[in-house]
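Visitor: With UniProt numbering, letter number 28 in the sequence shown gets 28, and the count goes up by one each step, no holes.
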Amino acid sequence: MLDGARARNTFVLRTILNPPWSVRVRDRVPLNLVAVLRGMPWVVPSAGDAVRLDAGDIAMVRGPDAFTFADDPRTPTQVVVQAGPRRTTAAGTELPEAADMGVRTWVNGERAHDDGADGSSVLLIGKYSGPGEIATRLLRALPPLLVIPTAAHSESALVSLLAKETLRKEPGQDLVLERLLDLLLVGTLREWLTRPDADAPAWYPANGDPVVGSVLRLIHGDPGHPWTVAALARQAGVSRATLARRFTDLVGMPPMAYLTGWRIDVAADLLVESDATIDTVARQVGYGSGFALSAAFKRARGMSPQRYRAHARDRP
1 MLDGARARNT
11 FVLRTILNPP
21 WSVRVRDRVP
31 LNLVAVLRGM
41 PWVVPSAGDA
51 VRLDAGDIAM
61 VRGPDAFTFA
71 DDPRTPTQVV
81 VQAGPRRTTA
91 AGTELPEAAD
101 MGVRTWVNGE
111 RAHDDGADGS
121 SVLLIGKYSG
131 PGEIATRLLR
141 ALPPLLVIPT
151 AAHSESALVS
161 LLAKETLRKE
171 PGQDLVLERL
181 LDLLLVGTLR
191 EWLTRPDADA
201 PAWYPANGDP
211 VVGSVLRLIH
221 GDPGHPWTVA
231 ALARQAGVSR
241 ATLARRFTDL
251 VGMPPMAYLT
261 GWRIDVAADL
271 LVESDATIDT
281 VARQVGYGSG
291 FALSAAFKRA
301 RGMSPQRYRA
311 HARDRP
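1) On the CB-based measure, 16 or more other CB atoms within 10 Å of its CB, does R313 come out buried or exposed?
2) Which parts of the segment 219-292 are runs of the alpha helix (DSSP H), unbroken and 4 residues or longer, counting only runs that do not cross its ends?
3) How many whole angstroms separate the CB atoms of D71 and P19, which I take to be in contact at a CB cut-off of 8 Å?
4) Locate the alpha helix (DSSP H) running through T75, then write down its first and last residues.
5) What are the start and end residues of each continuous beta strand (DSSP E) run of 3 or more residues lying completely inside the segment 19-59, in chain order?
6) Using 8 Å as the cut-off, can you tell me whether the segment 57-75 makes contact with the segment 27-44, which would need three or more C-beta pairs spanning the two stretches below that distance?
7) Would you report the Cα separation of G224 and R283, rounded to the nearest angstrom?
8) My output table needs one value for K164: the three-state DSSP class, helix, strand or coil.
9) So if DSSP puts F67 in a beta bridge, which residue, or which two residues, is it bridged to?
10) Which stretch, first to last residue, makes up the beta strand (DSSP E) that contains G126?
11) Would A59 and L145 qualify as a contact pair, given that the criterion is a beta-carbon distance under 9 Å?
12) Per DSSP, what kind of secondary structure is R62 in: helix, strand or coil?
13) Using the three-state DSSP reduction, which class does L17 fall into: helix, strand or coil?
14) Quick check: what's the CA-CA separation for G84 versus R28?
15) Could you give the first and the last residue of the continuous alpha helix (DSSP H) run that contains V176?
16) Is the beta carbon of P201 less than 9 Å from the beta carbon of R104?
17) Counting C-beta neighbours from all protein chains within 10 Å, is the total for R309 16 or more, i.e. buried, or is it exposed?
18) For F11, count neighbouring C-beta atoms within 10 Å of its own C-beta (all shown protein chains included) and say buried if the count is 16 or more, exposed if not.
19) Taking only three categories from DSSP, how would you classify T136?
20) Taking the alpha carbon of V147 as the reference point, which residue from S22, L271, N32 has its own alpha carbon closest?
21) With 16 other CB atoms within 10 Å as the buried threshold, where does S289 fall?
22) Since L184 and V212 should fall inside the 8 Å C-beta cutoff, what is the C-beta to C-beta distance between them, to a whole number of angstroms?
23) Pick from L177, P171, S156, W106: whose alpha carbon is nearest that of G187?
24) Within this structure, are the beta carbons of V80 and R14 separated by less than 9 Å?
25) Excluding the 5 residues preceding and the 5 following A98 in the sequence, name in chain order all residues of the same chain whose CB lies nearer than 6 Å to its CB.
26) Go to R104, then tell me how far its alpha helix (DSSP H) extends in each direction, as first and last residue.
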């Protein structure tokens, strides 16, 4: 499932924030990944208490609800990040691009000292603006705000590398940043999923079960195969009844229901990521024809594959 965490249309930015500062983010991006490079900022979610961060901490904020980063929760909002991304004042006045300070760097003032002597904070921000359906399963499992303290993760070297690459302007740099951001996201998710207090989705512990885990890997690895409960049970070395009972207990639904949902999610991503015909997508996910996929897709998504593709590509 973590393989579905692939960055597309990613926005990566280093921000230098001189006190006092407060940035309200309401761009409705599905997922924000923030690494604190310097300072001790606060993150204020749309619901819940403000959380103090330290240098080295990693925060994930699930959209589309707005949230705030600030030097102090009481500091009035000075900058609002809108969709686009656009930056405005709290009153809605557009902010000039003069605040851009080099490659993928923004500062909340005309001058900045990048050595921290002025008490500034530095944040490295990655935005997943268009996650696919598979990645959306991960988003649904996340709490609105997730903070991994620097002492609880092993991603410091990766954060440093991402910070350095953010400032480079080379051919293929966007692709490099996307893959590094993917690695940071997956590493952060793994740290969270293994915490005793994590409210992990059912499929995560199920992956460790010798029977159900092997079946999940078969389904994820080859959704186009004509799987049946009998075929999956045979591969797992158990009876159909045992597989059905064990799978339902651990995952929360029968194996064929899970397979159908997975196929539709994969099809949805293929529709957006490629120009393949509906018939081609249907064969890739185990349906005999485009008509069969269209019927199943409409039941699951409430619209035809063609309409879904057009709607998804029209989104900003």
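Yeah, the Cβ is synthetic: ideal placement off N, Cα and C, and Gly gets one too.
Guide: So, from the data block:
1) exposed
2) 229-236, 240-251, 255-273, 278-284
3) 5 Å
4) Unbroken run through T75: none, as it is neither H nor E.
5) 22-25, 31-38, 42-44
6) yes
7) 7 Å
8) helix
9) V25
10) 121-128
11) yes
12) strand
13) strand
14) 10 Å
15) 173-193
16) no
17) buried
18) buried
19) helix
20) N32
21) exposed
22) 29 Å between Cβ atoms; not a contact.
23) S156
24) no
25) For A98, the predicted structure reports a pLDDT of 46, less than 50, and the residue's modelled location is therefore unreliable. The matter cannot be settled from this model.
26) Per DSSP, R104 belongs to no alpha helix (DSSP H) and is neither H nor E.
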